[in-house]
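Using this note's numbering, read the sequence shown as starting at 589 and increasing by one per residue.
Don't be surprised by glycine CBs; every beta carbon is placed ideally from N, CA and C.
One structure below.
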Amino acid sequence: MRNKRKLLIEQLDQKLQPFSETRKVLVPERGWINTIRTTLNMTMAQLGSKLNITRQGVKGIEASEASGTITLNSLKDIAKAMDLKLVYALVPKNGTVNDLIQIKAENLAKKIVLRTNQNMKLENQGIGDEKIAKTIKDLADEIKREMRKSLWD
Numbered sequence: 589m590r591n592k593r594k595l596l597i598e599q600l601d602q603k604l605q606p607f608s609e610t611r612k613v614l615v616p617e618r619g620w621i622n623t624i625r626t627t628l629n630m631t632m633a634q635l636g637s638k639l640n641i642t643r644q645g646v647k648g649i650e651a652s653e654a655s656g657t658i659t660l661n662s663l664k665d666i667a668k669a670m671d672l673k674l675v676y677a678l679v680p681k682n683g684t685v686n687d688l689i690q691i692k693a694e695n696l697a698k699k700i701v702l703r704t705n706q707n708m709k710l711e712n713q714g715i716g717d718e719k720i721a722k723t724i725k726d727l728a729d730e731i732k733r734e735m736r737k738s739l740w741d
């Protein structure tokens, strides 16, 4: 089961790899539809006729994209009408999915170990910093291996 999970993570990271550069992409303030349409020197009426909607309809679509309320289906239809392809993905903010899991596991392990050590200190049984660091690392590895659901709490 563990190897299967590891394989799934590796496959997901592979699928998302082409999107890694998207972290650098800044969405235009007025949205992609408006930016591309105006760059192509296409009027709202022209785009509207391709979509069988009015100029006002296009204006509404551009506004809904800019405000973040547009649907994926609308984006697909518009992309098709403009001879474009809609590309859609959810990507980690930093690094890979594997990196995300590692960071979450380390944070959870740190929280658990430091909470336990605090209780032990109260009973005069605290452990040294080096031992704490090793315990955190070992626990993080175990949490990552088990893919504990508590990673996402």
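Original post:
Is Leu-702 buried or exposed, if buried means 16 or more other CB atoms sit within 10 Å of its CB?
Top reply: Label assigned to Leu-702: exposed.
**OP:** Report the rounded CA-to-CA distance for Asp-687 versus Asp-601, giving the unit in angstroms.
**Re:** Rounded to whole angstroms, Asp-687 to Asp-601 spans 10 Å at the Cα level.
Original post:
Do the stretch 639-659 and the stretch 678-696 meet, that is, are 3 or more Cβ pairs less than 8 Å apart?
Top reply: Counting Cβ pairs under 8 Å, fewer than three are found: no touch.
Original post:
Ordered along the chain, which non-local residues of its own chain (more than five positions away) have a Cβ less than 7 Å from that of Ala-667?
Top reply: Within the same chain, Ala-667 has close Cβ partners Lys-673 and Leu-674.
Original post:
Using DSSP with H/G/I as helix, E/B as strand and the rest coil, what is Met-632?
Top reply: Note: Met-632 maps to helix in three-state DSSP.
Subject >> Check whether Ala-697 and Ala-728 have beta carbons under 8 Å apart >> reply: Taking a C-beta distance under 8 Å as the contact criterion, Ala-697 and Ala-728 qualify as a contact pair.
Subject >> Ile-658 versus Ser-637 - alpha carbon distance >> reply: Rounded to whole angstroms, the gap between the alpha carbons of Ile-658 and Ser-637 is 19 Å.
Original post:
Could you give the uninterrupted runs of the alpha helix (DSSP H) lying entirely in the stretch 685-741, keeping only those of 4 residues or more?
Top reply: The DSSP assignment places complete alpha helix (DSSP H) segments of no fewer than 4 residues inside the stretch 685-741 at 685-710 and 717-734, in order along the chain.
Original post:
With distances taken between CB atoms, is the gap from Val-646 to Leu-635 smaller than 8 Å?
Top reply: With a cutoff of 8 Å on beta-carbon distance, Val-646 and Leu-635 are scored as near each other.
**OP:** Determine the burial state of Gly-619: buried for a count of at least 16 other Cβ atoms within 10 Å of its Cβ, exposed for fewer.
**Re:** Looking at its Cβ environment, which holds 16 or more other Cβ atoms inside 10 Å, Gly-619 is buried.
Subject >> Ala-643 versus Met-632: straight-line alpha-carbon distance, rounded >> reply: Inspection of the sequence shows that residue 643 is occupied by Arg rather than by Ala. In this structure, the straight-line span from the alpha carbon of Arg-643 to that of Met-632 is close to 5 Å.
Original post:
Where does Ile-641 fall in DSSP's three states?
Top reply: Ile-641 carries a coil assignment under DSSP once its states are collapsed to helix, strand and coil.
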